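Chains as they are written, first to last, in our numbering: chain A, 1 to 307; chain B, 308 to 403.
Heads up, the beta-carbon is just placed ideally off N, CA and C, and yes, glycines get one too.
Every value quoted in this text rests on a predicted model; they were computed, and no experiment measured them.
Heads up, the thing below is written out as structure tokens.
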């Protein structure tokens with residue numbers, strides 16, 4: 001029963017996957033679970049699809065936790081999925097959105113890494129793939145996309161936390177998402193959720209040049225953050241990856257933007273300033289609640305401003 | 308399990324471009340096995356570094372030598388991880 005599930009706690013992969021089944025069972029008119037492929041260690045990768053009907057309608061993509069140690073991201077994904085399911089039919093705006101668009105959520109974007117953070121190394125960030133000729137394992141799955149691949153802000157050293165991998169989309173976890181997005185062909189937004197440091201970013205990371213839609217993305221981002229801040233006063237910065245953090249090539253939202261998905265954003269969720277990746281579980285629901293306001297703003301904008 | 312006993316996470320509120328450069332130099336010192344949670348970018352963002360116990364004296368010495376002030380954000384990472392794990396176990400039992 002999803003009502004007995006503790007959304008204010010961190011959970012293991014098996015628990016989250018099991019909870020997905022419960023969510024689907026309780027909201028079978030809205031939610032389905034799709035297996036989009038398997039991870040390097042052969043774990044299924046599940047996407048929750050929120051749809052009121054139709055085939056390949058305009059869609060919004062949300063992934064959480066591509067960097068496995070950023071636990072508040074996955075936890076926020078769980079809370080958000082439940083929020084979408086329970087607010088459909090109650091929240092007029094969300095209901096109208098789902099009556100015309102679909103939402104796809106990949107809550108565990110790096111399942112092998114997530115399991116590894118629970119069983120062996122809480123600080124693990126990358127995938128778990130083996131690199132021929134190296135004792136180090138794993139690729140940074142947010143440097144592995146075909147967007148300025150191998151450029152600045154990514155490492156060619158397999159032992160680095162930002163290793164870009166042997167080739168673009170070499171990581172099966174990345175390739176599975178690429179295949180889904182390409183085969184669907186009608187995604188209008190691509191939102192990737194990370195933690196921490198309180199940022200809302202848009203492309204590019206591989207270049208510091210402004211994207212053609214920079215003014216619009218900046219405006220949408222600022223309005224979204226204003227809503228986020230209204231709940232608890234959490235301060236966010238808004239800008240392109242390159243300009244507000246550093247050059248970082250091979251990132252997912254650069255790929256999605258270059259693929260033609262204009263509304264591409266990445267979140268870095270809250271940081272209490274004391275815990276970093278070990279954000280206490282009592283911060284999960286406040287984090288998810290404030291993030292929801294920004295996510296909802298972006299999704300409503302996507303609904304109201306088609307292209 | 309990988310154990311983080313004695314590892315600290317330190318925060319540096321970067322005050323100058325020179326300090327950014329000095330921290331970037333620190334980033335290249337692979338033998339220190341530093342894990343930059345927030346990388347040195349500008350004076351507008353702090354830098355958070357997980358420093359293994361074995362590298363604490365070297366890193367703190369480097370920061371002192373270059374007059375780079377820092378604070379200890381997490382004193383013993385393993386203590387925090389133990390608390391996190393205990394909390395998860397309690398939650399799991401409650402759900403069952």
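Cα-Cα separation, residue 334 of chain B to residue 268 of chain A: 22 Å
Proximal residues, the segment 52 to 72 of chain A versus chain B, C-beta separation under 7 Å: none
Mapping the DSSP letters down to three states, classify residue 286 of chain A as helix, strand or coil. Three-state DSSP puts residue 286 of chain A in a helix.
In chain order, what residues of the segment 386 to 398 of chain B put their CB closer than 8 Å to some CB of chain A? 387, 388, 391, 394, 395, 398
Taking CB distances under 8 Å as the criterion, tell me whether residue 39 of chain A reaches chain B. no
Length of the line joining the Cα atoms of residue 180 of chain A and residue 258 of chain A: 16 Å
Using a Cβ distance threshold of 8 Å, determine whether the segment 320 to 340 of chain B contacts the segment 74 to 93 of chain A, with at least three qualifying pairs required. no
Tell me which residues of the segment 322 to 346 of chain B have at least one Cβ-Cβ distance to chain A shorter than 9 Å, keeping chain order. 337, 342, 343, 344, 345, 346
Cβ of residue 20 of chain A less than 8 Å from any chain B Cβ? With 8 Å as the cut-off, residue 20 of chain A does not count as an interface residue toward chain B.
By the criterion of Cβ-Cβ separation under 8 Å, what are the contact partners of residue 133 of chain A in chain B? Within chain B, no residue comes near residue 133 of chain A; the closest Cβ sits about 18 Å away, beyond 8 Å.
Once DSSP output is grouped into helix, strand and coil, what is the label at residue 371 of chain B? helix
Identify, in the order they occur along the chain, each residue of the same chain with its Cβ nearer than 6 Å to the Cβ of residue 150 of chain A, setting aside the five sequence neighbours on each side. 164
Which stretch, first to last residue, makes up the alpha helix (DSSP H) that contains residue 23 of chain A? 13 to 26
Using only CA atoms, which one of B:396, B:336, B:372 lies nearest to residue 326 of chain B? B:372
Can you tell me the Cα-Cα spacing of residue 315 of chain B and residue 159 of chain A, whole angstroms? 21 Å
Can you give me, in chain order, the residues of the segment 97 to 112 of chain A that have a beta carbon less than 7 Å from any beta carbon in chain B? none
List, in order along the chain, the chain A residues whose C-beta lies closer than 9 Å to that of residue 380 of chain B? 273, 274, 275, 276
How many Å lie between residue 284 of chain A and residue 290 of chain A at the Cα? Taking the straight line from one Cα to the other gives about 10 Å.
With distances taken from CA atoms, which of A:130, A:147, A:48 is nearest residue 31 of chain A? A:48
Chain-ordered residues of the segment 218 to 251 of chain A with a beta carbon less than 9 Å from chain B: 237, 244, 245, 246
Do you know offhand how far residue 366 of chain B's Cα is from residue 347 of chain B's? 15 Å
Is residue 292 of chain A helix, strand or coil when you go by DSSP? helix
Does DSSP classify residue 64 of chain A as helix, strand or coil? strand
At a CB-CB cut-off below 9 Å, which residues of chain A make contact with residue 308 of chain B? 119, 120, 121, 122
Here's the rule: buried if 16 or more other CB atoms are within 10 angstroms of the residue's CB, otherwise exposed. What is residue 221 of chain A? So residue 221 of chain A ends up on the buried side.
Secondary structure of residue 262 of chain A, DSSP reduced to three states: coil
As a quick exercise: from A:5, A:201, A:127, A:161, pick the residue whose alpha carbon is nearest that of residue 244 of chain A. A:201
Closest residue to residue 141 of chain A among A:206, A:199, A:125, A:153 (Cα-Cα distance): Of A:206, A:199, A:125, A:153, the smallest CA-CA separation from residue 141 of chain A is found for A:125.
Interface partners of residue 167 of chain A on chain B, CB under 8 Å: What residue 167 of chain A touches in chain B: nothing, since even the nearest Cβ is about 24 Å away.
For the segment 192 to 217 of chain A, which residues have a CB atom closer than 7 Å to at least one CB atom of chain B, in sequence order? Those would be 197, in chain order.
At the 8 Å Cβ level, is residue 320 of chain B part of the contact set with chain A, yes or no? no
Identify which residue in B:399, B:383, B:375, B:368 has its Cα closest to the Cα of residue 324 of chain B. Measuring from the Cα of residue 324 of chain B, the nearest candidate turns out to be B:375.
Within 8 Å of any Cβ in chain B, is that where the Cβ of residue 281 of chain A sits? yes
Would you mind reading off the limits of the beta strand (DSSP E) that contains residue 46 of chain A? 44 to 50
If we cut at 8 Å on Cβ distances, does residue 10 of chain A have a partner in chain B? yes
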